[in-house]
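Just below is one structure, and these are the notes that go with it.
2 protein chains.
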Amino acid sequence: MSRWEPDARGRMIRAAMDLFAERGFDHTTAVDIAERAGVTERTFFRHFADKREVLFDGSQALEQAASTAILAAPASSGPLDAALAGVIAAGGLLEDRREHAVRRNLLVEANPGLRERELLKLTALVDATAEALRTRGVDDLIAALAAHSAVTVFQLAFTRWVSEERPPALAACIADTAALLRAL
Amino acid sequence: MSRWEPDARGRMIRAAMDLFAERGFDHTTAVDIAERAGVTERTFFRHFADKREVLFDGSQALEQAASTAILAAPASSGPLDAALAGVIAAGGLLEDRREHAVRRNLLVEANPGLRERELLKLTALVDATAEALRTRGVDDLIAALAAHSAVTVFQLAFTRWVSEERPPALAACIADTAALLRAL
DNA sequence: TCCAACATGTCAGTGACTGACATCGAACGT
DNA sequence: ACGTTCGATGTCAGTCACTGACATGTTGGA
Chain A
1 MSRWEPDARG
11 RMIRAAMDLF
21 AERGFDHTTA
31 VDIAERAGVT
41 ERTFFRHFAD
51 KREVLFDGSQ
61 ALEQAASTAI
71 LAAPASSGPL
81 DAALAGVIAA
91 GGLLEDRREH
101 AVRRNLLVEA
111 NPGLRERELL
121 KLTALVDATA
131 EALRTRGVDD
141 LIAALAAHSA
151 VTVFQLAFTR
161 WVSEERPPAL
171 AACIADTAAL
181 LRAL
Chain B
1001 MSRWEPDARG
1011 RMIRAAMDLF
1021 AERGFDHTTA
1031 VDIAERAGVT
1041 ERTFFRHFAD
1051 KREVLFDGSQ
1061 ALEQAASTAI
1071 LAAPASSGPL
1081 DAALAGVIAA
1091 GGLLEDRREH
1101 AVRRNLLVEA
1111 NPGLRERELL
1121 KLTALVDATA
1131 EALRTRGVDD
1141 LIAALAAHSA
1151 VTVFQLAFTR
1161 WVSEERPPAL
1171 AACIADTAAL
1181 LRAL
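In order, the protein sequence lines correspond to chains A and B.
Residues in the first sequence are numbered from 1 upward in steps of one, following my numbering.
Residues in the second sequence are numbered from 1001 upward in steps of one, following my numbering.
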């Protein structure tokens, strides 16, 4: 318990996922996670605001990817197209890690508290998307509507992507779902 | 402390809203709420699953209203129209209690945890809406998309309704927002 | 070599929430 | 009137998430 192990954070995340899978989220204490990761409970809470956060480490990156993609979208794109480009870019970060996404999704779906936290993260993605649209000069309300729509598409496409046995690429799922939305 | 006071639940809700307004959610303990309501902490947690729930008592009624309205919508209505009829009906429950809605909204917006819980309630509204649409024979994915869209409209319209000084009726706000959505 | 920043450990404390058990008043049948 | 049963509540002890304050050890320069 002394040298600076370089990946304490990563170890905690893995320890948490393993323990949640073994005993379930509720029957895993923060101390359990910390111990398996070789750190103290206090250290755990220095890295993660609360026990749930350990499962949502990459969410910030999704927002970042969406934001930059939206700002980089051609000026000719309308709000919805730009927003969709954003969530497609976000999806790109998951594209080659489906196994991990599936496992993680099982854990989240199994616990109401984790689902609640996931909604918060999706809302953060909505906010980042809307903010990027506004930067492009889109009206506030339109930006909010487009952002919500795009993230909804992302959400439904993601659910299909992790549920089917041999699904198409996430980007394709998003495109399919987006097409349905436009037909509403 | 003995007779069966008929409205212990209502007293706790009011006590909680008052205390949250006075000291803020974080600086109000469950014991504080219980004491002001004249009950025990244990009784508080028998009525509400957790401290946050005390602010979301009517949410079930919204889902119920939306569901019945959707099932009662004319058969000629498309999925989106039916879903919108649902959230308009849900909004009808709030129409004549704007003051209360505004106060409550201030409390919720002031606390991340409460916002998180609100997202869960909105998702419950989405689920109820989608379920009602499916009962009408709407395809699963279409139902989900329409439900998400309608609740998004509800959400944005509600925000405007509680933010403006002398806003139109909530139903009108919803109609306005819905028009913008269709124009996307 | 000394210092400063940083990641961590230690410890004590608050408060949310739960399970088990006791009580008490009201409704009900006799 | 009386005993019973049931539902709402009180009591108590306990677990666990999370926090603040302080001490320690390690690292990378000035």
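Glycine included, every Cβ here is placed at the ideal spot set by N, Cα and C.
- The beta carbon of residue 160 of chain A lies closer than 7 Å to those of 167 and 173 in the same chain, with the five residues before and after it left out.
- Contact holds between the segment 1090-1100 of chain B and the segment 1065-1074 of chain B, because three or more Cβ pairs, one in each stretch, are under 8 Å apart.
- Residue 1117 of chain B belongs to the set of residues whose beta carbon lies under 8 Å from a beta carbon in chain A.
- For the pair residue 109 of chain A and residue 163 of chain A, the Cα-to-Cα distance works out to about 12 Å.
- When C-beta distances to chain B are compared with 8 Å, the residues of the segment 134-149 of chain A below that value are 141, 142, 144, 145, 146, 148 and 149, in chain order.
- Residue 25 of chain A sits away from residue 105 of chain A, with the two beta carbons spaced by 8 Å or more.
- Rounded to the nearest angstrom, the gap between the Cα atoms of residue 1165 of chain B and residue 1100 of chain B is 14 Å.
- Between residue 180 of chain A and chain B, the shortest Cβ-Cβ separation is below 8 Å.
- Exposed is the label assigned to residue 76 of chain A, since fewer than 16 other Cβ atoms lie within 10 Å of its Cβ.
- Looking at B:1041, B:1050, B:1087 and B:1029, the one whose alpha-carbon comes closest to that of residue 1061 of chain B is B:1087.
- By the C-beta density criterion, residue 79 of chain A is buried, having at least 16 other C-beta atoms within 10 angstroms.
- For the segment 1161-1172 of chain B, no residue has a beta-carbon sitting nearer than 7 Å to a beta-carbon of chain A.
- With respect to the 8 Å criterion, residue 12 of chain A and residue 37 of chain A are classified as neighbours on the basis of their beta carbons.
- Only residues of its own chain outside the window of five on either side were considered, and among them 1019 and 1020 have a CB closer than 7 Å to the CB of residue 1028 of chain B, listed in chain order.
- Fully enclosed beta strand (DSSP E) runs of no fewer than 3 residues are not present anywhere in the segment 33-60 of chain A.
- For residue 87 of chain A, the enclosing alpha helix (DSSP H) has its first and last residue at 79-92.
- By the rule that beta-carbons nearer than 8 Å mark a contact, residue 79 of chain A touches chain B.
- Here residue 1031 of chain B carries a helix assignment [DSSP, helix/strand/coil].
- 8 Å or more divides the Cβ of residue 1126 of chain B from the Cβ of residue 1157 of chain B.
- Residue burial is scored here from C-beta neighbours: residue 54 of chain A has at least 16 other C-beta atoms within 10 angstroms and is therefore classed as buried.
- In the DSSP assignment, residue 1097 of chain B falls outside any alpha helix (DSSP H) and carries neither an H nor an E.
- Membership of residue 172 of chain A in the alpha helix (DSSP H) is indicated by the continuous run 170-182.
- Residue contact with chain B for residue 40 of chain A: absent (no Cβ-Cβ distance below 8 Å to any residue of chain B).
- A straight-line Cα-Cα distance of about 6 Å links residue 85 of chain A and residue 70 of chain A.
- If you ignore the 5 residues before and after residue 117 of chain A, its C-beta comes within less than 7 Å of the C-beta of 52 and 56, all in its own chain and listed in chain order.
- The three-state reading of DSSP puts residue 1138 of chain B in coil, since its state is none of H, G, I, E or B.
- Counting along the chain, residue 10 of chain A sits inside the alpha helix (DSSP H) bounded by residues 8-23.
- For the pair residue 33 of chain A and residue 45 of chain A, the CB atoms are not nearer than the 8 Å cut-off.
- With a contact defined as Cβ atoms closer than 8 Å, residue 1178 of chain B and residue 1151 of chain B miss out at about 12 Å.
- Judged by beta-carbon spacing, residue 124 of chain A lies beyond the 8 Å limit of residue 134 of chain A, meaning their Cβ atoms are not closer than that value.
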